[in-house]
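Enquirer: Have a look at the structure that comes next, please.
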Amino acid sequence: MYHGNSILAYEMNGKPLSELHGSPLRLRNELELGFKQVKWLQAIEFVETFKQLGSGEGGFNEDNEYFGYRAPI
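If you count the sequence shown from 1, position 31 lands on 83 in the numbering used here, and the numbers rise without skipping.
Written out as structure tokens, the structure reads:
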């Protein structure tokens, strides 16, 4: 999810997010289709580099999935 257009949103249309829309904080990634986006965050972990995560690509999905299937828009 490292990209300049990724944001953590706490409101929508000037109002706090509802639980239906991921309250209290939702990750918004403009490179993914809406149904593929993370809706609820359980934790945020800051790391200096992806090298210490899994195979070094950023996490389980990045290490194991075929990128043609999850290609960004």
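Positions of the beta carbon are idealized from the N, C-alpha and C atoms, including for glycine. For clarity, every value in this text was computed on a predicted model and none was experimentally measured.
Buried or exposed, going by whether 16 or more other CB atoms sit within 10 Å of the CB of Gly74?
Expert: As a working mapping, residue 74 is identified with position 22 in the sequence shown. Buried, by the Cβ-count rule.
Enquirer: Going by the beta-carbon positions, is the gap between Leu130 and Arg78 smaller than 8 angstroms?
Expert: The requested residue 130 is not part of the displayed model; the chain covers only 53 to 125.
Enquirer: With DSSP as the reference, identify every bridge partner of Lys67, one or two as the case may be.
Expert: Stepping through the sequence shown from its first residue, residue 67 is reached at position 15. Its beta-bridge partners are Met64.
Enquirer: Could you give the first and the last residue of the continuous beta strand (DSSP E) run that contains Leu105?
Expert: The residue given as residue 105 occupies position 53 in the sequence shown. Looking at the DSSP string, Leu105 is not in any beta strand (DSSP E), and its letter there is neither H nor E.
Enquirer: Beta strand (DSSP E) containing Leu83: first to last residue?
Expert: As a first step, residue 83 must be located in the sequence shown, where it is residue number 31. From DSSP, Leu83 is part of no beta strand (DSSP E); its letter is neither H nor E.
Enquirer: Taking the alpha carbon of Ser58 as the point to measure from, which residue in Pro76, Glu71, Val90 has its own alpha carbon closest?
Expert: The count along the sequence shown starts at 1 and reaches residue 58 at position 6. Closest by alpha carbon: Val90.
Enquirer: From Asp115 to Trp92, what does the alpha carbon distance come to, in whole angstroms?
Expert: Within the sequence shown, the letter at position 63 stands for residue 115. Within the sequence shown, the letter at position 40 stands for residue 92. Taking the straight line joining both Cα atoms gives about 22 angstroms.
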